[in-house]
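Q:
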Amino acid sequence: MARRSKPGVFCLEGMWEPDLRKKSSVFPLLQLLHQLDEVNFIHRDVASEEELATYARLWSQKRYSDYRVGYLAFHRRPGSIMLGRRPLPLEWLADAFGPTLAGKVLYFGSCSTLSIPREEIETFRRQTKATAVVGYTRDVDWIESAAFELHLLTALSRYRQVPSALRWLDTTYRSVTSHLGFRAVWSGGGLVRRTRSS
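Residue numbers 49 to 246, in my numbering, belong to the letters of the sequence shown in order.
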């Protein structure tokens, strides 16, 4: 792999559990990658639409231009993420981010968000100008997806071209991408892995 400059991950995370004593979070995963010198990261908890929209705007500032991977860690519905009990569809997210994601990858670390027609994902990608949109087409296990995310974020940190990173990931971990229903859409290309049951 041809290593490029260490990228940043800009992570926005919703509440996983109504019981505040539970500590579910993707933060330790990002911390591990940072300690392994793979990525820098910014992590913010999000509890409202206003917070999400504010952080989406802040990510577009020049000072965060090295944070090329957006990571949305939320519960989901197909074509949406969940903020509390409210679904926020891709159309809402496209308005929140605006056409500010040129040169960036947006990763939906949420079950089944990309279990929708490719045309809808491509419309979202074009509206935001994202280099690629990636995520899952099925419900995924927390531990399995966390292990895969280590590989995903590492691949994006080591390849200069995003499609090359995603193809390498799919080739190297084909059984995993198939099991998780991993999907990626980029300009002129993409991949979708069907689960064994589909």
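Heads up, the beta-carbon is just placed ideally off N, CA and C, and yes, glycines get one too.
Would you identify the three-state DSSP class for A121, choosing helix, strand or coil?
A: In the structure shown, A121 sits in a strand (DSSP, three-state: E or B).
Q: Looking at the secondary structure, which residues open and close the alpha helix (DSSP H) in which D218 lies?
A: From DSSP, the alpha helix (DSSP H) with D218 extends over V210 to T220.
Q: Sort V74, L81, G236 and S72 by Cα distance to K54 and report the nearest one.
A: With distances taken between Cα atoms, K54 lies closest to L81.
Q: So the candidates are P137, I90, L120 and R134; which of them puts its Cα closest to the Cα of V5?
A: Outside the shown range of the chain (49 to 246) lies residue 5, about which nothing can therefore be said.
Q: Is A95 helix, strand or coil by DSSP?
A: In the structure shown, A95 adopts coil according to DSSP, grouped into three states.
Q: Start and end of the beta strand (DSSP E) containing I307?
A: Nothing about residue 307 can be reported from this structure: the residues present for the chain run from 49 to 246 only.
Q: By Cβ distance, which residues of its chain are closer than 8 Å to A213, with the 5 residues on each side in sequence left out?
A: A203, L204, R206 and Y207
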